[in-house]
Amino acid sequence: MNNINLVIVSLVIAIVAIQPLAQEQTDVGEANFVTVLSIDGGGVRGIVPATLLAFLESKIQEIDGPDARIADYFDVIAGTSTGGLMTTMLAAPNEQNRPMFAAKDITNFYFQHSPRIFPKIG
Numbered sequence: 000m001n002n003i004n005l006v007i008v009s010l011v012i013a014i015v016a017i018q019p020l021a022q023e024q025t026d027v028g029e030a031n032f033v034t035v036l037s038i039d040g041g042g043v044r045g046i047v048p049a050t051l052l053a054f055l056e057s058k059i060q061e062i063d064g065p066d067a068r069i070a071d072y073f074d075v076i077a078g079t080s081t082g083g084l085m086t087t088m089l090a091a092p093n094e095q096n097r098p099m100f101a102a103k104d105i106t107n108f109y110f111q112h113s114p115r116i117f118p119k120i121g
């Protein structure tokens with residue numbers, strides 16, 4: 000199984016796991032488990048997980064409304080390399096203590112800033 004298929008399978012599992020929580024109106028903070036989102040690195044290839052995260056967040060918003068964010072569903076969000084950058088974008092709070100960026104903003108950020116963040120060497 001290649002990496003893209005593995006990411007897609009992981010996101011499908013995450014959607015299936017999150018959906019019952021939204022339907023039961025369960026407060027995730029009261030659940031008996033810890034939800035963890037781990038985002039892989041990969042430099043400019045971070046566009047792939049960014050696109051998948053935008054899809055996941057759009058599905059969450061279909062369930063809980065347009066203000067729902069990925070950070071609302073996970074107790075811990077971590078990433079390596081470019082995944083750490085995405086983690087920061089998904090979790091950093093704004094003045095209202097809500098995530099500063101929506102997942103759909105990440106792909107545009109990468110297209111706009113990747114030449115400066117990931118310069119070609121040589």
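First residue of the sequence shown? That's 0 in numbering that gives the first Met the number 0, and the numbers climb one at a time after it.
Backbone N, C-alpha and C fix where the C-beta goes; we use that ideal spot for every residue, glycine too.
Inset, instruction - Provide the residue span of the alpha helix (DSSP H) that contains alanine 90, from first to last. - result: Note, alanine 90: alpha helix (DSSP H), 81–90.
Inset, instruction - For the stretch 33–47 and the stretch 74–91, state whether three or more C-beta atom pairs, one from each stretch, are separated by less than 8 Å. - result: Judged by Cβ distances under 8 Å, the stretch 33–47 makes contact with the stretch 74–91, as three or more pairs qualify.
Legend entry - Rounded straight-line distance, which links the Cα of phenylalanine 108 to that of glutamine 95: Between glutamine 95 and phenylalanine 108, the C-alpha separation is close to 22 Å.
Inset, instruction - Return the CA-CA distance between leucine 36 and isoleucine 120, expressed in angstroms with no decimal places. - result: Between the alpha carbons of leucine 36 and isoleucine 120 lies a distance of about 31 Å.
Inset, instruction - Using the Cα positions of arginine 68 and proline 118, report the straight-line distance between them to the nearest angstrom. - result: When rounded, the distance between both Cα atoms is 30 Å.
Inset, instruction - Using three-state DSSP, classify asparagine 47 as helix, strand or coil. - result: The identity of residue 47 in the sequence shown is valine, whereas the question assumes asparagine. Helix at valine 47.
Inset, instruction - Would you kindly check if the distance between the Cβ of proline 48 and the Cβ of methionine 99 is under 8 Å? - result: The answer is no: Cβ separation not under 8 Å.
Inset, instruction - Compute the Euclidean distance between the alpha carbons of isoleucine 62 and alanine 91, then round it to the nearest angstrom. - result: Straight-line Cα distance between these residues: approximately 23 Å.
Legend entry - phenylalanine 73 classed as buried or exposed, judged by whether at least 16 other C-beta atoms fall within 10 angstroms: So phenylalanine 73 counts as buried.
Legend entry - Limits of the beta strand (DSSP E) - the one that isoleucine 38 falls within: Start and end: 35–38.
Inset, instruction - Work out the CA separation of aspartate 66 and phenylalanine 54 for me, nearest whole Å. - result: Near 15 Å, if we compare the C-alpha coordinates of aspartate 66 and phenylalanine 54.
Inset, instruction - Determine the direct distance from the alpha carbon of serine 57 to that of valine 11, and round the result to whole angstroms. - result: Because the pLDDT of valine 11 is 49, which lies under 50, any placement of that residue in the model is unreliable, and the question is left without a value.
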